[in-house]
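For what it's worth, full-length UniProt numbering labels the leading residue of the sequence shown as 1, then goes sequentially.
Backbone N, C-alpha and C fix where the C-beta goes; we use that ideal spot for every residue, glycine too.
Presented below is the structure to which this report refers.
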Amino acid sequence: MASSTNPIQLPVIDISDPSNAATGREMLAAAVKYGFFYVHGKGSDFTAAEVDSAFDISKKFFALPKEEKEACRIRTDNRGWSGMHSEILDPEHQRMGDFKEALNFGEFQDGKPQQPLPTALHSDEAEIGHFASLCNKTCASVLRLLALGLEIDPEYFVTRHDASRGRTGSILRFLYYPSISSPASSTYQHDIDVRAGAHSDYGTITLLFQRPGQPGLEILTTPEEGNHNNSSDNNWAPVPVWPEGATSEADQFPPILINIGDMLSFWTNGLLKSTIHRVVFPLAERDATAAAKAPDRYSVVFFCHPIDSCNLVPPVPSPLVAAAGADQKKLESGKVGFGGGAGSLSERRSMTAKEYLDMRLSATYDEREEVASTK
1 MASSTNPIQL PVIDISDPSN AATGREMLAA AVKYGFFYVH GKGSDFTAAE VDSAFDISKK
61 FFALPKEEKE ACRIRTDNRG WSGMHSEILD PEHQRMGDFK EALNFGEFQD GKPQQPLPTA
121 LHSDEAEIGH FASLCNKTCA SVLRLLALGL EIDPEYFVTR HDASRGRTGS ILRFLYYPSI
181 SSPASSTYQH DIDVRAGAHS DYGTITLLFQ RPGQPGLEIL TTPEEGNHNN SSDNNWAPVP
241 VWPEGATSEA DQFPPILINI GDMLSFWTNG LLKSTIHRVV FPLAERDATA AAKAPDRYSV
301 VFFCHPIDSC NLVPPVPSPL VAAAGADQKK LESGKVGFGG GAGSLSERRS MTAKEYLDMR
361 LSATYDEREE VASTK
């Protein structure tokens, strides 16, 4: 399984009208074929200034002394900071933890986070909370369009993600990947290590914000339809930060990359594709001269989850989902998801969103604890 130098070309979709059925069909086609697609920033709920500010706050946090970040170390509720090598997304294939740091934010109430944060971020709390609320709004637009594509009530997914009806597992995450020339990356070995191990996301949909000139994301391409939960005999394709069909003139920040998560794939009998992905040092940065000039990579991610009590069984009441019976058999006989904590569901029993998330997180935390115990 090798990295390709040919970037994958994914659709770029305008979501400015979330009631447009044609756009819904276009989005559904991308979700079925790739599990990934972009949305134009100009049709989203974000301004370039708001995105820039989120990255500025992220950089400020990761530049803090380690002892200040330790004060908000990640907890069992998946909120807080995780340090370099403390997370293993693909424990079966990684010799050590991911070459990244992360800060997870849970819910905000009246603009205040419900978790400890360092003093340096106290003045930014309202702004971070506002950014999270914009992520929720954009997710609602995407979910409405997917519902239209599936020929169901446009509000079907939105009502089941409504935080006013109950707690969700949604997370806003800041990520920092040191450059290849950073001392933090000194133990990195090409062809062995990755910045973030191969995995699929746990929730329904994910929003990814990236910076120009900071590539590294790859998705696993599949030669055969429906082979997306098997990482062997496939190729890794780079995902451009600026895709074809998007320009800095039309979009003031790189288009938001959206991907389908495990819950939505399971919920739709496997019709929507939860694609395996990872983060690496790009092939171009392996040259010594290029490596010396390579930048750090920062990203901002929003993992969208339904309310905890939402039942993922029975499947979404869509005629298209009902027609995906063959995929249902595939799900029943194998894993749902890929990476640490991927679950094997031999029976399509009743399962809530929280039960599924807890199943994935418990394994991830076990891996973190094992890594910590060896240091």
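Bridge partner(s) assigned by DSSP for residue i
| i | result |
| --- | --- |
| F266 | In the DSSP output, where bridge partners are listed per residue, F266 has none listed. |
| R167 | Answer is none; R167 lacks a bridge partner. |
| K66 | None; K66 has no bridge partner. |
| W242 | According to DSSP, W242 bridges with nothing at all. |
| Q210 | S299 |
| F37 | I258 |
| T352 | N311 |
| I8 | Answer by DSSP bridge pairing: none, since I8 is not bridged. |
| F253 | Its beta-bridge partners do not exist; DSSP assigns none. |
| L172 | F105, F302 |
| Y202 | Y202 is not bridged to any residue. |
| V279 | A196, L217 |
| I13 | V39 |
CB contact flag (residue i, residue j, <8 Å)
| i | j | result |
| --- | --- | --- |
| W267 | P315 | yes |
| G41 | D14 | no |
| V280 | I8 | no |
| A71 | P113 | no |
| E151 | S16 | no |
| L208 | P18 | no |
| D201 | F303 | yes |
| I57 | G197 | no |
| A324 | G261 | no |
| H277 | L361 | no |
| L103 | F61 | yes |
| V39 | I258 | yes |
| R297 | Y156 | no |
| M359 | P306 | no |
| A126 | G106 | no |
| F55 | R211 | yes |
| G83 | E101 | yes |
| P215 | V241 | yes |
| G149 | L28 | yes |
| T275 | G35 | yes |
| G80 | Q115 | yes |
| P243 | V51 | no |
Rounded Cβ spacing between residue i and residue j (contact assumed at less than 8 Å)
| i | j | result |
| --- | --- | --- |
| R195 | D98 | 6 Å |
| N78 | I205 | Not confirmed; about 17 Å, so no contact. |
| L357 | G169 | 5 Å |
| F37 | L10 | 5 Å |
| R75 | C310 | With a Cβ gap of about 23 Å, R75 and C310 do not count as contacting. |
| V301 | L143 | The pair is not a contact, with the Cβ atoms about 17 Å apart (cut-off 8 Å). |
| L272 | V32 | 6 Å |
| S179 | P295 | 6 Å |
| A120 | E68 | 7 Å |
| D308 | T352 | 6 Å |
| Q252 | A22 | Going by Cβ atoms, the distance from Q252 to A22 rounds to 26 Å, so no, they are not a contact pair. |
Boundaries of the beta strand (DSSP E) in which residue i is found, first to last residue
| i | result |
| --- | --- |
| R25 | Segment 21-33 is the alpha helix (DSSP H) holding R25; no beta strand (DSSP E) there. |
| V300 | 297-304 |
| P238 | 235-238 |
| T221 | 217-221 |
Residue i: first and last residue of the uninterrupted alpha helix (DSSP H) it sits in
| i | result |
| --- | --- |
| H130 | 125-149 |
| T159 | 156-159 |
| V321 | 319-322 |
Extract the residue ranges of the beta strand (DSSP E) inside the region 42-121, only unbroken runs of 3 or more that lie entirely within it.
Counting only runs of 3 or more, we get 80-82, 101-105.
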